[in-house]
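Novice:
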Amino acid sequence: QQKIALARALLTSPVLMLLDEPTTGLDPRSKKDVQAFIERIRDAHDSSILLCTHDMGEAEELCDRVGIMVDGRILAIEEPDGLKRRFVGEANGRAPTLEETFMAATGYSVEEASAEGE
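Reading the sequence shown from the start, the letters are residues 38 to 155 in my numbering.
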């Protein structure tokens, strides 16, 4: 149902898409299908997308710029690589993930978050 609703909304050739967690609850294959469909619509119609998601991988894949919100306030908005350089730099000789960047920007480390969940 979620995929059908999204497809119906995107068939109108939108110039602006407001997507709130568009792939939440989908299986991995359906998630990739929806992401590819969003990209095709965006590219075909030169659409702008405002995407709200907790999925950092999805944000990095679909978004040219990413905003980090904390307690309802926008902390930063820029390209994913810019956010990574700004908040993390280089992590153990490799580029940090957007999740590590979010954690650093909001005052947590991935290790601390993992420890809290134990």
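Glycine included, C-beta positions come from ideal geometry on N, C-alpha and C.
Computed from a prediction, not measured in an experiment: that's the story for all the values here.
1) What residue from ARG79, VAL107, LYS121, GLY109 has the CA that sits closest to LEU55's CA?
2) Can you confirm whether the stretch 82-92 touches the stretch 109-126 when touching is taken to mean that 3 or more C-beta pairs between the two stretches lie within less than 8 Å?
3) Between the Cα of LEU53 and those of LYS121, ILE41, ALA81, GLY62, spot the shortest distance and give me the residue it belongs to.
4) Going by the CB atoms, is the gap between GLU116 and ASP101 shorter than 8 Å?
5) Along the beta strand (DSSP E) that carries ALA113, what are the first and last residues, could you check?
Specialist: According to the data block:
1) ARG79
2) no
3) ALA81
4) yes
5) 110-115
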